[in-house]
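*Asks:* Take this structure, written in structure tokens, and hold onto it; I'll ask about it next.
There are 2 protein chains.
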Amino acid sequence: MIILIDQDGTLADFIGGFTEKWAAKYPEKTCISPEHYLSPRVLDHYSDEPREIVESIYSSPGFIFGLSPIEGGIEAVKEMAGIGYDVRICTAPLGLYKNCIVEKYAWVEKYLGQEFVKKVIMTKDKTLIKGDVLIDDSFQKGMLIPSWEHMVFDRPYNRDLSGIRLNGWKNWKDALHLLRDVYPQKS
Amino acid sequence: MIILIDQDGTLADFIGGFTEKWAAKYPEKTCISPEHYLSPRVLDHYSDEPREIVESIYSSPGFIFGLSPIEGGIEAVKEMAGIGYDVRICTAPLGLYKNCIVEKYAWVEKYLGQEFVKKVIMTKDKTLIKGDVLIDDSFQKGMLIPSWEHMVFDRPYNRDLSGIRLNGWKNWKDALHLLRDVYPQKS
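Sequence order for the protein chains is W and U.
Its first residue numbered 35, the first sequence is counted upward by one per residue in my numbering.
Its first residue numbered 35, the second sequence is counted upward by one per residue in my numbering.
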């Protein structure tokens with residue numbers, strides 16, 4: 035079973051990291067709390083601000099590498115791999131890719147180890163990647179009908195998405211069992 | 035039709051770039067001419083040298099970005115995309131990924147434009163990527179049986195590989211027609 039796992043918003047706390055940096059740099063400006071997000075896209079919530087200053091936060095050197103892991107994610111990935119699942123980190127680069135790409139790899143190396151660096155798949159279009167399940171906080175259409183089932187990593191902003199839902203990493207085994215019950219061909 | 039195209043050794047002249055830098059930096063040492071390569075792996079040809087000094091050439095900042103395009107490759111990719119093929123650059127990161135990854139993206143942006151940056155798929159295991167054909171100078175086994183047919187980008191070191199062969203970029207249309215004749219389901 036091939037399990038694809040998204041990075042930002044699923045393993046790494048992108049919005050939390052942005053919020054912290056924003057509040058520290060612009061204490062006088064409005065700061066949107068992560069639980070009030072209505073989409074996974076930071077820019078959607080700061081449309082009154084110049085795009086450049088919002089983007090400069092998360093495209094700065096060190097931002098991606100400095101993101102905190104989302105609770106339980108690293109342990110879950112290691113446990114999955116230990117059991118024998120083929121786990122791949124399936125992540126899209128930011129448009130401003132200069133710092134983000136290498137830092138995504140370095141983040142994986144830091145938290146999951148060097149062997150996992152070989153398991154990163156960096157792609158804008160995840161429908162081109164083969165897998166049985168994609169655990170992801172968001173869903174982007176792509177060129178193809180995906181071979182994977184989307185398991186929605188539950189976040190305040192994605193309650194509208196359909197699909198089997200992972201309510202926090204501690205529940206990954208139950209969610210995977212449910213997926214197999216619903217889609218027996220994914221076993 | 036989804037056409038996956040490898041980067042190093044297929045679009046970018048990695049071995050040529052290495053050879054030039056090696057000869058300039060170590061004029062007193064043996065330098066293997068690209069036409070005498072027996073594998074796509076530089077290290078295989080410099081096994082008498084300390085691995086670190088060989089690797090330091092191609093992991094240096096600017097090496098990947100500075101690679102010359104292989105003759106006709108950029109024009110071929112642009113023509114394919116213009117005709118309406120879905121072309122993706124499908125490339126594996128070096129083990130020493132620090133400079134290489136972002137420079138691979140920057141190289142694509144330089145020669146193919148910003149829109150093509152979105153079409154890069156960075157993966158160690160290309161068998162996980164969906165496509166009809168993979169044009170690549172080398173073949174690496176992976177986790178899955180590939181959905182693509184391997185079109186061998188002809189190089190002196192890969193004459194042992196079976197598959198439809200692309201003898202220089204100027205012949206891409208003929209090679210693709212041949213592929214379709216042999217595998218009509220790829221049309």
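Just so you know, even glycine gets a beta-carbon here, dropped at the ideal spot from N, CA and C.
Model, not experiment: these values are computed from the prediction.
Suppose you measure from the CA of U/CYS65 to the CA of U/ARG189; what does that come to, to the nearest Å?
*Replies:* Those two C-alpha atoms are separated by around 18 Å.
*Asks:* Excluding sequence positions up to five away, which residues of its chain have a Cβ less than 7 Å from the Cβ of W/PHE173?
*Replies:* Close CB contacts of W/PHE173 within its chain, under the 7 Å cut and outside five residues either way in sequence, are with HIS184, LEU195 (chain order).
*Asks:* If U/LYS55 and U/ILE91 are in contact, beta carbons under 8 Å, what's the gap, nearest whole angstrom?
*Replies:* 5 Å
*Asks:* CA-CA distance, W/LYS112 and U/ILE169?
*Replies:* Between W/LYS112 and U/ILE169, the alpha-carbon positions lie close to 34 Å from each other.
*Asks:* Taking Cβ-Cβ distances below 7 Å as the criterion, which residues of the region 152 to 167 of chain W are in contact with chain U?
*Replies:* Residues of the region 152 to 167 of chain W that bring their beta carbon within less than 7 Å of a beta carbon in chain U comprise LYS152, ILE155, MET156, THR157, LYS158, LEU162, ILE163, LYS164, in sequence order.
*Asks:* Using DSSP's beta-bridge definition, name the partner residues of U/PRO103.
*Replies:* Answer by DSSP bridge pairing, in chain order: U/ALA46.
*Asks:* Determine the DSSP secondary structure at W/MET185, reduced to helix, strand or coil.
*Replies:* strand
*Asks:* Would you mind stating whether W/ILE39 and W/ARG122 have Cβ atoms separated by less than 9 Å?
*Replies:* yes
*Asks:* Please report the residue range of the beta strand (DSSP E) in which U/CYS124 lies.
*Replies:* DSSP places U/CYS124 inside the beta strand (DSSP E), whose first and last residues are 120 to 125.
*Asks:* Using beta carbons (cut-off 9 Å, strictly below), is W/ARG122 in contact with chain U?
*Replies:* The Cβ of W/ARG122 sits closer than 9 Å to at least one Cβ of chain U.
*Asks:* Mind checking if U/MET177 is an interface residue toward chain W, Cβ cutoff 9 Å exclusive?
*Replies:* yes
*Asks:* Considering only residues of the same chain and omitting the five flanking positions on each side of W/MET177, which have a CB-CB separation below 7 Å?
*Replies:* ASP159, THR161, LEU162
*Asks:* By how many angstroms is the C-alpha of W/LEU212 removed from the C-alpha of U/PRO218?
*Replies:* 39 Å
*Asks:* Taking the continuous beta strand (DSSP E) assigned at W/LEU38, which residues delimit it?
*Replies:* 36 to 39
*Asks:* Along chain U, which residues have their Cβ under 8 Å away from the Cβ of W/TYR139?
*Replies:* PRO127, TYR131, ILE135
*Asks:* Need the endpoints of the beta strand (DSSP E) that U/LEU168 sits in, please.
*Replies:* 167 to 170
*Asks:* Are the beta-carbon atoms belonging to W/LYS204 and W/ALA110 less than 9 Å from one another?
*Replies:* yes
*Asks:* Pair every Cβ in the region 72 to 84 of chain U with every Cβ in the region 136 to 144 of chain U, then say whether three or more of these pairs are closer than 8 Å.
*Replies:* no
*Asks:* Kindly list the residues whose CB is nearer than 6 Å to the CB of W/TYR80, restricted to its own chain and excluding five residues on each side of it in sequence; keep chain order.
*Replies:* VAL88
*Asks:* Are U/ASP120 and U/ILE37 closer than 9 Å when you measure CB to CB?
*Replies:* Closer than 9 Å, so yes.
*Asks:* Alpha carbon to alpha carbon, how far is U/TYR131 from U/LEU175? Give it in angstroms, no decimals.
*Replies:* Inspection of the sequence shows that residue 175 of chain U is occupied by Lys rather than by Leu. About 21 Å.
*Asks:* Taking all protein chains shown into account, decide if W/ASN192 is buried (16 or more other Cβ within 10 angstroms of its Cβ) or exposed.
*Replies:* buried
*Asks:* Please look up how many angstroms separate the CB atoms of U/SER93 and U/LEU128, rounded, as I've assumed it's under 8 Å.
*Replies:* 7 Å
*Asks:* Cβ of U/ILE36 less than 9 Å from any chain W Cβ?
*Replies:* By this cut-off, U/ILE36 is an interface position.
*Asks:* Between the alpha carbons of W/PHE52 and W/ALA209, how many angstroms are there, rounded?
*Replies:* 29 Å
*Asks:* Measuring CA to CA, which of U/PHE187, U/ALA140, U/PHE150 is closest to U/LEU101?
*Replies:* It is U/ALA140 whose Cα lies nearest to the Cα of U/LEU101.
*Asks:* In whole angstroms, what is the alpha-carbon distance linking U/THR44 and W/PRO68?
*Replies:* 44 Å
*Asks:* Return no unless some Cβ of chain U is closer than 9 Å to the Cβ of W/SER93.
*Replies:* no
*Asks:* With a cut-off of 9 Å, does the C-beta of W/SER181 fall near any C-beta of chain U?
*Replies:* yes
*Asks:* Just reading off the alpha helix (DSSP H) that W/ILE91 is part of, what are its end residues?
*Replies:* 85 to 92
*Asks:* How would you label U/GLN148, buried or exposed, when you count the other beta carbons within 10 angstroms and need 16 or more for buried?
*Replies:* exposed
*Asks:* Can you tell me the Cα-Cα spacing of U/PHE48 and U/VAL151, whole angstroms?
*Replies:* 19 Å
*Asks:* Go to U/ILE198, then tell me how far its beta strand (DSSP E) extends in each direction, as first and last residue.
*Replies:* Element bounds for U/ILE198: n/a, residue is neither H nor E.
*Asks:* Can you give me the C-alpha to C-alpha distance between U/ARG85 and U/PRO103, rounded to a whole angstrom?
*Replies:* 26 Å
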